[in-house]
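Beneath this line is the structure, given in structure tokens, with notes to follow.
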Amino acid sequence: MDEHSGLILDPDAVHIMPTYAVGLLKGNAWEGNEQHGAVHRSPQANQALPRRLLLTLDFG
Numbered sequence: 001m002d003e004h005s006g007l008i009l010d011p012d013a014v015h016i017m018p019t020y021a022v023g024l025l026k027g028n029a030w031e032g033n034e035q036h037g038a039v040h041r042s043p044q045a046n047q048a049l050p051r052r053l054l055l056t057l058d059f060g
């Protein structure tokens, strides 16, 4: 976590998703979600997990 960036105001609100989990992350532009956008951090790619898939859907 990066407590020094100011992105994490409440460390208790941080959630960690398990490997291979699927999540829906809503940003600030999502109606009703203003000021509550998700911040996503991925671990560094390595020999065990060399590839990732990022699928972005924009309904704007």
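The letter at position 14 of the sequence shown is residue 14 when you use the UniProt record's numbering, and the numbering goes up by one with no holes.
Backbone N, C-alpha and C fix where the C-beta goes; we use that ideal spot for every residue, glycine too.
As the structure is a computational prediction, the values presented were derived from the model and not from experiment.
Excluding the 5 residues flanking residue i on each side, which residues of the same chain have their C-beta closer than 6 Å to its C-beta?
i	result
Ala38	Leu25
Ala45	none
How is residue i classed by DSSP in three states: helix, strand or coil?
i	result
Pro43	coil
Pro50	coil
residue 72	Because residue 72 is not part of the residues shown, which for the chain are 1 to 60, the question remains open.
Asp10	coil
Taking the alpha-carbon positions, what's the residue i to residue j distance?
i	j	result
Gly23	Gln47	24 Å
Pro11	Ser5	12 Å
Ile8	Arg41	12 Å
Tyr20	Leu55	14 Å
Gln35	Asn28	6 Å
Ala13	Arg51	28 Å
Pro43	Asn33	26 Å
Between which residues of its own chain and residue i is the CB-CB distance below 8 Å, once the five residues before and five after are set aside?
i	result
His15	none
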